[in-house]
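Note that the protein sequences, when read in sequence, are chains A and B.
When you line the first sequence up against my numbering, it's residues 112 to 443, in that order.
When you line the second sequence up against my numbering, it's residues 112 to 443, in that order.
We treat Cβ as the ideally placed atom computed from N, Cα and C, and that holds for glycine.
From a predicted model like this one, the values you see are computed outputs, not experimental measurements.
Data first, discussion second: the structure below is written as structure tokens.
Number of protein chains: 2
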Amino acid sequence: MNVKQIVLAGRPKGLPSKENFRTESLVLPGLQSSEVLIKAKYFSVDPYMRGKMNDVKSYTPPYQVNAPIYGGGIGEIIESESENFQKGDVVKGIIPWATEAVVDSKSLEKIDTTIAPETYFLGILGMPGLTAYFGLLYIGKPNPADTVVISAAAGAVGIVVGQIAKLKACRVVGIAGNEDKIKMLKDELHFDEVINYKTTSDMDKSVKDACPNGVDIFFDNVGGKISDAVIAHINFHARIVLCGQISLYNSTEIPVGPRLQPTLLTKSALMQGFIVGDFQTNFSEGIQQLSQWVKENKLEYKETIIEGFDQLPEAFLGLFSGKNVGKMIVKV
Amino acid sequence: MNVKQIVLAGRPKGLPSKENFRTESLVLPGLQSSEVLIKAKYFSVDPYMRGKMNDVKSYTPPYQVNAPIYGGGIGEIIESESENFQKGDVVKGIIPWATEAVVDSKSLEKIDTTIAPETYFLGILGMPGLTAYFGLLYIGKPNPADTVVISAAAGAVGIVVGQIAKLKACRVVGIAGNEDKIKMLKDELHFDEVINYKTTSDMDKSVKDACPNGVDIFFDNVGGKISDAVIAHINFHARIVLCGQISLYNSTEIPVGPRLQPTLLTKSALMQGFIVGDFQTNFSEGIQQLSQWVKENKLEYKETIIEGFDQLPEAFLGLFSGKNVGKMIVKV
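Pasting the structure below:
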């Protein structure tokens, strides 16, 4: 059986490149009790994976050099030594970047493809969707007519945040980095205002113009100077939801910027970092509500699907140059 | 009647000086309906007043040039056109820096001097005590055995925060800037660890040594490099309570420092600015609990009382060089 896997060849300094990845062939071991053999169908590539390439303990352990990268994926069961799974079941879980893999069945769950296409379970009905749902509703706590600003608004999380905010009767302002994304946010997802941070000559003025009543909720996926410009316009009792800081993930020195505490202090504002796992006890609520909205066509969904297992590193690297519209997926 | 008042002579750039204040004589007008004439007994000087010297709208309007400074004070009623107050009543409220003043009685409340000495109502039973109470308990949400770090720990708010944290079975670490304060925190208020930020050669190491289990709650009155050192050691799900940023109040340029969002993100940490007014609906609970603790001798209280109305500017300026141990009060 010719199985391929992709390992971390070495830890990147700054922006990763293809040299940080290596494809290997391997022979799979036989199944132990409760294990299954899965054939990979789709992989999710996500910005958080950059943090795991560093040798730093974060909320999860780092990837190991010369060991496979792993992340969210969907596969089909080929062989099963678990009573919970049968040949042919379609499952999702955290799986290695490999065309086939032997994994512990406890880390997998079946997906219900009558609700939505398979890939949705890596996006709007998976980690990014739940991240949007809990970050916006549990931390941002939107009120009708609040102004909600979203950075990386055309990304996997941003498109869901913006649409939920619209469902909650907020004024939604999206920040993105190319005209296709800007057009999609405005024309297809009906955002109230959009800012192309790459073409504006004055980000501060763009935020001010797009938010005449100030910013009540800032859902931040980006960090850096884009965030500085938004935070300069927050309202009293604003909520800043820290979901990602993709502009800083490849920094080789400690990023420096204006100190935010004086602004947070005079505005009685909240800034809260989170990971989706903080809301684990409420996952079923989130999945149920998101599925309902998808079924009712109240949430549109966008994906960028790249074909070919070998394209995994390139797809991942593309996240840092904004190549994805919506969720970035690799189809094996 | 020879009445003196102190007005804002001009707006300071950077650290204020005596030149920003001017003493004037004036003749008071007669009382209108519902007004009272009060003779000032004590004034509170507080770091937040620095912000009101700038021509910037914050959560309250700025002081006006050539108009009296005002702030928390205690006085005795000399004449009353209000049915709620009689000659001889001792009251507190926001009053002008004047030896006597005609004020609207609606801005005053009587104090019960059977509970505690008069000056306590400007401190532990007033705004600083409530600030400590709500900031620590409602934002910090201490759990037993949490490590709580407090900057400006020997200040009016810090001494109350530390003692409440001890009552909640936390490990309490205080940061202060001279040996008398350090000794007081350790010997009299029984803080677990203390750090003199002026004498340590390595603030980062001092925080690490004082907090072997990391920092769960950081109650920050200071900001700047002291805060950077503490925030570098926060735990997962830490709470950073932004109460003050005194090290930055006299900045003439926008202060710059390491970006905090990556740390808050990977630690799922909260940073929340607040003013005591955010908790106005819970004030009676706070005052009742603080009074109870004071009566039971569970909270010790420290004050620095400076005598003489003319000393008001100097007492205020002393806040920025750390001259006060506990609450800074001026006795007329």
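Rounded distance between the beta-carbons of residue j and residue i, thought under 8 Å
i               : j               : result
L367 of chain A : R370 of chain B : For the sequence presented, residue 367 of chain A should be read as Val rather than Leu. With a Cβ gap of about 7 Å, V367 of chain A and R370 of chain B count as contacting.
D257 of chain A : C281 of chain A : 5 Å
K438 of chain A : L233 of chain A : 7 Å
L241 of chain A : F431 of chain A : L241 of chain A to F431 of chain A, Cβ: 23 Å. No contact.
K203 of chain A : G237 of chain A : 7 Å
T230 of chain B : I416 of chain B : 7 Å
V114 of chain A : L142 of chain A : That belief does not hold up - the Cβ atoms of V114 of chain A and L142 of chain A are roughly 14 Å apart, past 8 Å.
D166 of chain B : P172 of chain B : In fact, because the Cβ distance is near 10 Å, the residues do not count as touching under 8 Å.
I357 of chain B : A263 of chain B : 7 Å
Residue range of the unbroken alpha helix (DSSP H) whose run includes residue i
i               : result
K297 of chain B : Neither: K297 of chain B is in no alpha helix (DSSP H) and is coded neither H nor E.
T258 of chain A : Note, T258 of chain A: premise wrong, no alpha helix (DSSP H); beta strand (DSSP E) at T258 to I261.
P373 of chain A : Q372 to T377
V272 of chain A : G269 to L278
Close beta carbons around residue i, own chain, < 6 Å, minus the five adjacent residues each side
i               : result
Y412 of chain B : I235
G325 of chain B : H344 and N346
H348 of chain B : S379
S169 of chain B : G162
V318 of chain A : A340, V341 and H344
N177 of chain B : V118
R133 of chain B : V118 and A120
Three-state secondary structure assigned by DSSP to residue i
i               : result
N113 of chain A : coil
Y412 of chain A : coil
M86 of chain B  : Past the boundaries of the shown model lies residue 86 of chain B; chain B is included only from 112 to 443, so the question cannot be answered.
F330 of chain B : strand
T325 of chain B : A quick correction: the sequence has Gly, not Thr, at residue 325 of chain B. Of the three classes helix, strand and coil, the one that applies to G325 of chain B here is coil, per DSSP.
P207 of chain A : strand
F431 of chain A : helix
N254 of chain A : coil
Q383 of chain A : strand
S128 of chain A : coil
N393 of chain A : helix
D339 of chain A : helix
V352 of chain B : strand
L423 of chain A : helix
S362 of chain B : coil
V443 of chain B : coil
I226 of chain B : coil
G388 of chain A : helix
E407 of chain B : coil
K319 of chain B : helix
E135 of chain B : strand
E290 of chain B : helix
Nearest residue (CA-CA) to residue i, options the options
i               : options                           : result
F85 of chain A  : A:V259, A:A151, A:L410 and A:N393 : Chain A is shown from 112 up to 443; residue 85 of chain A falls before or after that span and cannot be answered.
D200 of chain A : A:P207, A:E418 and A:E190         : A:E190
I261 of chain B : B:L126, B:V283 and B:I250         : B:V283
A267 of chain A : A:S395, A:L376 and A:Y159         : A:Y159
E135 of chain B : B:K221, B:F420, B:S128 and B:P172 : B:F420
G373 of chain B : A:N408, A:L137 and A:C354         : Here residue 373 of chain B is Pro; the residue named in the question, Gly, does not match the sequence. When each option's Cα is compared against that of P373 of chain B, the closest is A:C354.
D215 of chain A : A:N289, A:W404, A:I226 and A:F196 : A:F196
I337 of chain B : B:R350, B:D327 and B:L359         : B:L359
A151 of chain B : B:Q116, B:Q356 and B:D157         : B:Q116
L205 of chain B : B:E220, B:E194, B:E211 and B:G183 : A quick correction: the sequence has Ile, not Leu, at residue 205 of chain B. Of the listed residues, the one whose Cα sits closest to I205 of chain B is B:G183.
V436 of chain A : A:I286, A:Q175 and A:E211         : A:I286
F302 of chain B : B:S218, B:K279, B:V333 and B:S362 : B:K279
I270 of chain B : B:S218, B:P255, B:N332 and B:I250 : B:N332
I185 of chain A : A:E194, A:L219, A:P179 and A:V305 : A:L219
P255 of chain A : A:D223, A:V305, A:D315 and A:D327 : A:D327
N361 of chain B : B:M314, B:V405, B:G384 and B:L428 : B:L428
Neighbourhood of residue i by C-beta distance below 8 Å, restricted to the same chain and skipping five residues each side
i               : result
N131 of chain B : L119, A120, G121, R122, P123, M164 and P424
N289 of chain A : N307, K309 and G433
S402 of chain B : I226, A227 and L236
E187 of chain B : I149, K150, K152, G199, D200, V201 and V202
T363 of chain A : K124 and G125
F394 of chain B : L241
Range of the contiguous beta strand (DSSP E) that encloses residue i
i               : result
E220 of chain A : L219 to K221
Y244 of chain B : Here Y244 of chain B belongs to no beta strand (DSSP E); instead the alpha helix (DSSP H) covers M238 to F245.
P369 of chain B : V367 to P369
G183 of chain B : Y181 to S191
E146 of chain A : E146 to S155
N307 of chain B : E304 to N307
A287 of chain B : R282 to A287
Contacting residues, own chain, Cβ-Cβ under 7 Å from residue i (five flanking each side not counted)
i               : result
V387 of chain B : M238, L241, T242 and F245
V213 of chain B : L139, P140, L142, E146 and L148
K409 of chain B : L278
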